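Below is one structure, written out as structure tokens; comments come after it.
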Amino acid sequence: MDWSQSLRLIAPEETLSIAGLVLLLIAAWGGDKASRLISILAVTVLVGAMALVAPALCSSAMGPDTSAFFGQYHADAFSSYAKILIYLSAAATLVIAPAFFERLGAMRAEFPVLVIFAALGMGLMVSATDLITLYIGLEMNSLAAYVLAAFLRTDGRSAEAGLKYFVLGALASGILLFGMSLTYGFTGTTSFSGINAAVAGGLSHGALFGIIFMLAGLAFKISAVPFHMWTPDVYEGAPAPVTMFFASAPKVAALGLTMRVLLDAFGEQAQAWQQIVVFLALASIVVGAVGAIGQKNIKRLMAYSSINNVGFMLVGLAAANQQGAAAMLFYLTIYVAMTLGGFAAILMLKDEDGNTVEEIASLAGLSRTRPGLALGLAIIMFSLAGIPPLFGFWGKFLVFQAAVDAGMMPLAAIGFAASVIGAFYYLKVVKVMYFDEPVDVVKGESDVWHKAILVVSCLFISPLGYLLTKWLSALAATAATALFFAS
Amino acid sequence: MIHVIAFYLFAVMTVASGAITILSRNPVHSVLWLILAFFNAAGLMILVGAEFIAMLLVIVYVGAVAVLFLFVVMMLDIDFAELRAGFVRYFPFGALVAIVLLAEMVLGIGAYRAGSLTLGTPNGTAATPAGASNIEAIGALLYSRYLFLFEAAGIILLVAMIGAIVLTHRQRGGTRGQNVDKQNRRRPEEATFNVKPEVGKGVQL
């Protein structure tokens, strides 16, 4: 193996780790006064890292040339696609976070540093082609996330969210590790390509249990039903910018990781895990849709919405082919845009004193008091519901098309039916905003960055987004090809 | 011959100190016996040629875990007599756990007699190269093949440390820290002055 080649391939990771360490030193000497400066530098670094991973995607890099450190890490088009989404979400979080935390007097210089290290861990997750890399990336991301969830340590709900996330996350890591050890024991290797070769002839019971336990651990991380219980509580309790981060970047990373594990490592034994994924997908779609109906807090509503969306993405994975993977990546891109826009809108809902308004009932009549904000939120809700002229529809269309083409008609039919249930609660928010008597709670001024993110994501998911379809689907198809070529 | 003597010495000491760990009334003594058990287990590991695991036992278990136990036992004021008081009440539950463990052991031994599981064969990296001690072998793998992951694991520890500091560190107001610079800048003429009090009067400060 060529060391210089390997070191060149991990350039984004090197950049992020060195930047994280340097920013930590600035934080140590500059204190919390330097947090604005550190946030700006961190965003610059994330944009730089995006520029470093972009060439691999544009040149559709795949195969052995992208393998670093004896196949423990792959810097191919698939990982680049996912990393761009991850770094983008992390940068968006850093852009909107200062305004939120500074008002509470809780902005700390460590916040951007933790986000950088979380992004580093997530980059490792989507590049992982070895069980050890997978676990190390996952833990790096999770440890940073536990701290971020509890970042408002004087707020009881935030501390509770952090603790709950930590305890359940540690349990899920344990289950995942148990599955990994079974897989290693019965296949004799930790590398995905080695596992794929070992299970090609047939799957022993031990390795099957390995897959099941690993899927259970991963389902926790992507908050798929029945491992979703933590999601509403953590999303509600964590500070709003952190919730936005949790709903976007780690979802991309964990879904990318799941795709790698199932398609790279166990691609030869797809029929062994397909039914599990089908169950996870349907359960997530139904529970996400039904559970959201009674919610009164908009952050909890977004939590159920993310469970629901993960279900739709898993429909693409259940197809277990290249078309399904490409559809899933396309959906992920739209999902990230909708999540970032949705949470930017939620952060803009402030009462007179500048406190964040989270009750859906307080949004009544928003269309008359804040027409622009109401329109933005309505566009996002319609897109999440999958109403045709908006881009959210196209993502759902692609995953269902992939499922139908793979001969999974019943799955697609049940998914369609459940997406109608899902539309109900999204439309309920729109109805409250447009047709209820104004309660005039939302009055606070909005930060210019929040507005910018809301406008950009609304433009992306508006019918204008369809202009990008050709270009995006070509990139998603390249990334999916790279995923299948790595094994 | 010396091997056999050493084995029985370590084995008897391990089992005996394990038993005393459970039986001794004073929890601090229990922890000390536990440390002795760890040391003897490390000796057994050396006898089977796993010197790396022996060192891990001493460094990790004796050096960190057992000392942590000792601190916890000494710092928390736990009334162990009270904890033991519910013995009769909890006996059915304890017995249930014991029965489950016994059944598992019987099953396990039965399965072991029936032949071993077909596990995967380790590829080249898992086998110790000839002529190298296992510390050398692990070190060579850790710092070459797995260097990337080793460094990444270091970053995880850093993140954990940052997290602990972020969540617990707070600025305390009203403390008077030492300011070395200010101390050094202070000159004798600012700090002392001469007075010449008249007879019968005190010093006016």
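Going down the list, the protein sequences come from chains A and B. One point on numbering: in my numbering, the residue at position 126 of the first sequence is 126, and numbering is uninterrupted. Offset between the second sequence (1-based) and my numbering: plus 1000. All C-beta atoms in this analysis are idealised placements derived from N, C-alpha and C, irrespective of residue type, glycine included. On a predicted model such as this, the values are computed, not experimentally measured, just so you know.
Euclidean distance between Cα positions of alanine 1019 of chain B and glycine 291 of chain A = 53 Å
Answer yes or no: do alanine 374 of chain A and methionine 433 of chain A have a C-beta to C-beta separation smaller than 8 Å?
-> yes
Arginine 1187 of chain B versus chain A: which residues are under 8 Å apart at the beta carbon?
-> Result: empty, since nearest Cβ-Cβ is about 30 Å, beyond 8 Å.
Report the three-state DSSP secondary structure of serine 67 of chain A (helix, strand or coil).
-> strand
In the DSSP assignment, what are the bridge partners of serine 191 of chain A?
-> A/Asp130
From A/Gln295, A/Tyr425, A/Phe245 and A/Ala75, residue whose alpha carbon lies closest to that of cysteine 58 of chain A = Checked all of A/Gln295, A/Tyr425, A/Phe245 and A/Ala75; the closest Cα to cysteine 58 of chain A is A/Ala75.
Straight-line Cα distance separating threonine 190 of chain A from aspartate 130 of chain A | Distance between the alpha carbons of aspartate 130 of chain A and threonine 190 of chain A: 6 Å.
What residue from A/Val278, A/Val287 and A/Ile38 has the CA that sits closest to valine 420 of chain A's CA?
-> Nearest option by C-alpha distance: A/Val287.
When the Cα of leucine 459 of chain A is compared with those of A/Pro389, A/Ala477 and A/Val430, which residue comes out closest?
-> Leucine 459 of chain A has its Cα closest to that of A/Pro389, out of A/Pro389, A/Ala477 and A/Val430.
With 16 as the cutoff for other CB atoms within 10 Å, does alanine 1132 of chain B come out buried or exposed?
-> exposed
Proximal residues, the region 1155-1177 of chain B versus chain A, C-beta separation under 7 Å = Here the close residues are Ile1155, Ile1156, Val1159, Ala1160, Ile1162, Gly1163, Val1166 and Leu1167.
Of all the CB atoms in chain B, is at least one closer than 8 Å to the CB of methionine 50 of chain A?
-> no
Tell me whether proline 232 of chain A is buried or exposed, calling it buried when 16 or more other Cβ atoms sit within 10 Å of its Cβ.
-> buried
Determine, using beta carbons only, whether alanine 150 of chain A comes closer than 8 Å to chain B.
-> yes
Quickly, what does DSSP pair threonine 356 of chain A with across the bridge? List them, please.
-> Answer by DSSP bridge pairing, in chain order: A/Lys350.
Are the C-beta atoms of threonine 133 of chain A and some chain B residue less than 8 Å apart?
-> yes
What's the call for proline 12 of chain A, buried or exposed, on a 16-neighbour Cβ count within 10 Å?
-> Here proline 12 of chain A is buried: its Cβ has 16 or more other Cβ atoms, across all protein chains shown, within 10 Å.
Nearest chain B C-beta to glutamate 110 of chain A closer than 8 Å, yes or no?
-> yes
Residues of chain A with a CB under 8 Å from the CB of alanine 1153 of chain B: which are they?
-> The CB of alanine 1153 of chain B comes closer than 8 Å to the CB of Ile136 in chain A, given here in chain order.
Just by C-beta distance, which residues in the region 258-281 of chain A are closer than 8 Å to chain B?
-> none
Quick one, which of A/Gly267, A/Met338, A/Thr15 and A/Trp273 has its alpha-carbon nearest leucine 85 of chain A's?
-> A/Met338
Sort A/Ser127, A/Leu120, A/Ser142 and A/Leu152 by Cα distance to arginine 108 of chain A and report the nearest one.
-> Considering only alpha carbons, the answer is A/Leu152.
Determine the burial state of glutamine 1178 of chain B: buried for a count of at least 16 other Cβ atoms within 10 Å of its Cβ, exposed for fewer.
-> exposed
The alpha helix (DSSP H) with asparagine 1184 of chain B in it runs from where to where?
-> 1180-1185
Of all the options A/Gln323, A/Ile18, A/Asn141 and A/Gly137, which has the alpha carbon lying nearest to the alpha carbon of aspartate 405 of chain A?
-> A/Gln323
Going straight from the alpha carbon of alanine 364 of chain A to that of glycine 217 of chain A, what length do you get?
-> 40 Å
Please go through the same chain and pick out, in chain order, the residues whose beta-carbon is closer than 6 Å to the beta-carbon of alanine 106 of chain A, but skip the five residues on each side of it.
-> Excluding positions up to five away in sequence, the list reads Leu152.
Phenylalanine 1148 of chain B at chain A interface by Cβ criterion, 8 Å = yes
Is there contact between the region 154-169 of chain A and the region 24-39 of chain A, where contact requires at least three CB pairs shorter than 8 Å?
-> no
Coil, strand or helix - tyrosine 87 of chain A by DSSP = In this structure, tyrosine 87 of chain A counts as helix in the three-state DSSP scheme.
Under three-state DSSP, which class holds histidine 228 of chain A?
-> coil
Using a Cβ-Cβ cut-off of less than 9 Å, give me the residues of the region 66-82 of chain A that come near chain B, in sequence order.
-> Within the region 66-82 of chain A, the residues whose Cβ lies closer than 9 Å to some Cβ of chain B are Ala68, Phe69, Phe70, Gln72 and Tyr73, listed in chain order.
Among B/Ala1153, B/Tyr1146 and B/Ala1137, which residue has its Cα nearest to the Cα of methionine 140 of chain A?
-> B/Ala1153
What's the gap between the Cα of threonine 333 of chain A and the Cα of leucine 177 of chain A?
-> 29 Å
What whole-angstrom Cβ distance do valine 252 of chain A and alanine 149 of chain A have, given they're in contact under 8 Å?
-> The pair is not a contact, with the Cβ atoms about 18 Å apart (cut-off 8 Å).
Out of A/Ala418, A/Met348 and A/Ala318, which has the shortest C-alpha to C-alpha gap to methionine 259 of chain A?
-> A/Ala318
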